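Sequential numbering from 45 applies to the sequence shown in the working numbering.
We put the CB at the ideal spot given by N, CA and C, even for glycine.
These numbers come from a predicted model, not from an experiment.
Report on the following structure.
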Amino acid sequence: MHPMMALLPFSSPESQFAINAVREASLLARRIQREMVTGALTKDDRSPVTVADFAVQALIARRLAEQLPGSTLIGEEAADALRLEEGLATLDQITTFLRTAISDATPEEVCNLIDRGSGEPPATYWTLDPIDGTKGFLRREQYAVALALVRDGKVELGVLGCPELFDGSIYVAVRGKGTWTQPFDESQNWRQLHVSARNSGTAARILRSVEKAHTNVDEIGQLAAKLGTTAAPIGMDSQAKYAVLAAGEGDVLLRLLSPSRPDYREKIWDQAAGSIVIEEAGGRITDLDGRPLDFSHGRTLAKNRGILATNAHLHHAVLAALRATSA
Ligand code: AMP
Ligand code: MG
């Protein structure tokens, strides 16, 4: 066991696997970003995907199979495009980077590892967003590696690796055991996180996506006005926002529905790890109707609409303001 691990109030095989895999994968993502002039492929839904998204999913799939065999992984990426002629150059790059961690990796194994993530979720599963906030990764702003364990629709454990937050930090939450953080380089002990105590809308710090296509920036502005919030909302990519809220550096996090995609349903890997990181730091997370998030309906939160997360103190006030703005 790693000596620092002993300071966490949990040490299950699941938490040790998740912490080590996310740390290793975050460092790989950072290396890919630094060594590559990133070209992005475009997926069918026109979202970008990079060598790092694929390499991280393959690495974590491999570590899961080695350390917790028999587990199910539900990941964002699939290898279809890499198996085509046009994908071969990208597949070669992924394989080269993966060999720094798995020396005998072959292109075929890379595809098979990535595709371990493409099923429908059973009752118990791991869910992974290998690079959450790919647009932030491409802009060299915030991004996160997000991994969570879900049982019967509820998140039990979540880990976020945030290479650009506080010089690179890992965030881990276990149900009933709190949310903890440590720098990637383990230069400091694990530290427990708590949400802020702010309970006035006037002083609230609101966190939102950078990408207008992922939220409703105008409605967030109206909501802020209704709450009397003085500071402008802070745009940040990825579940790094969830870590910032858990650390007490933000008070309200909103994912309103973008006018361009009013029927959008959140993906499980975009919310699972971040949600428990917030809850175990004392915060609250629901959908925009105040309903709990339900991770038992396939690869999306099919029964939920948008996301509201707060330090708990401001939750009622923001839900009420939301009802008023959308009425
Ligand atoms: P953010 O970094 O907050 O912009 O969120 C990034 C995530 O938004 C990506 O991982 C996507 O899965 C997700 N996403 C894509 N399209 C939408 C949409 N129309 N509404 C909300 N989220 C979206
Ligand atoms: Mg994502």
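Which same chain residues end up closer than 6 Å to residue i when comparing Cβ atoms and leaving out the 5 residues on each side of it in sequence?
i	result
Glu324	Ala217, Gly222 and Thr223
Leu267	Ala365 and Thr369
Met45	Here the model assigns Met45 a pLDDT of 47, short of 50, so the residue's position is not dependable, and the following value carries that caveat. Result list for Met45: empty, nothing under 6 Å.
His357	Asn243
Arg107	Ala65
Ala284	Gln186, Ala188, Cys206 and Leu209
Ile320	Val199, Gly202 and Ala217
Tyr215	Leu204, Thr225, Ala287 and Val321
Ser70	Val189, Gly205 and Pro207
Report the option in the options whose CA atom is closest to the CA atom of residue i.
i	options	result
Asp281	Ala96, Gly177 and Gly342	Gly177
Thr168	Leu352, Leu363, Arg343 and Ala368	Arg343
Ala247	Arg235, Gly265 and Ala275	Ala275
Gly326	Ala353, Arg335, Leu128 and Glu230	Ala353
Gln186	Leu251, Gln101, Asn233 and Leu128	Leu251
Gly161	Asp124, Asp148 and Thr116	Thr116
Glu152	Pro166, Ile146, Arg127 and Thr134	Arg127
Leu298	Thr150, Tyr286, Tyr308 and Pro306	Tyr286
Arg143	Ile76, Arg184 and Ile175	Ile76
Gln111	Gln226, Asn64, Leu363 and Leu332	Asn64
Phe98	Ile175, Leu52 and Gly114	Ile175
Leu289	Arg249, Val254, Ala317 and Asp307	Arg249
Thr141	Lys311, His341, Asp211 and Glu68	Before going further, note that residue 141 is Phe rather than Thr in the sequence given. Of the candidates Lys311, His341, Asp211 and Glu68, the one whose C-alpha sits nearest the C-alpha of Phe141 is Glu68.
Thr159	Leu300, Gln137, Ile104 and Pro166	One point to set straight first is that residue 159 is Asp, not Thr, in the sequence displayed. The candidate whose alpha carbon is nearest that of Asp159 is Ile104.
Ser304	Ile264, Arg328 and Lys256	Lys256
Ala241	Asn355, Arg309 and Arg74	Asn355
Asn348	Ala317, Lys311, Leu363 and Val362	Lys311
Gly294	Leu337, Arg309, Arg328 and Phe228	Arg328
Leu182	Ser231, Val254 and Asp148	Val254
Run the CB neighbour count on residue i, radius 10 Å, all protein chains shown included, and call it buried at 16 or more, exposed below.
i	result
Glu208	buried
Glu164	exposed
Ala269	exposed
His360	exposed
Ala96	buried
Gln236	exposed
Asn233	exposed
Pro277	buried
Ala346	exposed
Glu79	exposed
Asp372	Lying outside 45 to 371, the shown extent of the chain, residue 372 is not represented and no answer is given.
Thr150	exposed
Ala7	No answer is possible for residue 7: the residues shown for the chain start at 45 and end at 371.
Asp331	buried
Gly114	exposed
Glu129	exposed
Is the Cβ of residue i closer than 8 Å to any Cβ of chain D?
i	result
Asp295	Of the chains in the structure shown, none is chain D; there is only one protein chain.
Just to confirm my understanding: we take residue i, look at its own chain, exclude 5 residues before and 5 after, and list those with CB closer than 7 Å. What are they?
i	result
Gly272	Gly245 and Thr246
Leu363	Gly334 and Leu352
Who are the Cβ neighbours of residue i in its own chain at under 8 Å, not counting the five residues just before and after it?
i	result
Cys155	Ala123, Leu126, Arg127 and Leu135
Asp314	Asp173, Asp176, Ala190 and Gln283
Phe42	Here the chain covers residues 45 to 371 and nothing more, so residue 42 does not appear.
Near ligand 2, which residues have their beta-carbon closer than 6 Å to a heavy atom? Asp173, Asp176 and Asp314
Does the count of Cβ pairs from the stretch 251-265 and the stretch 191-198 closer than 8 Å reach three? no
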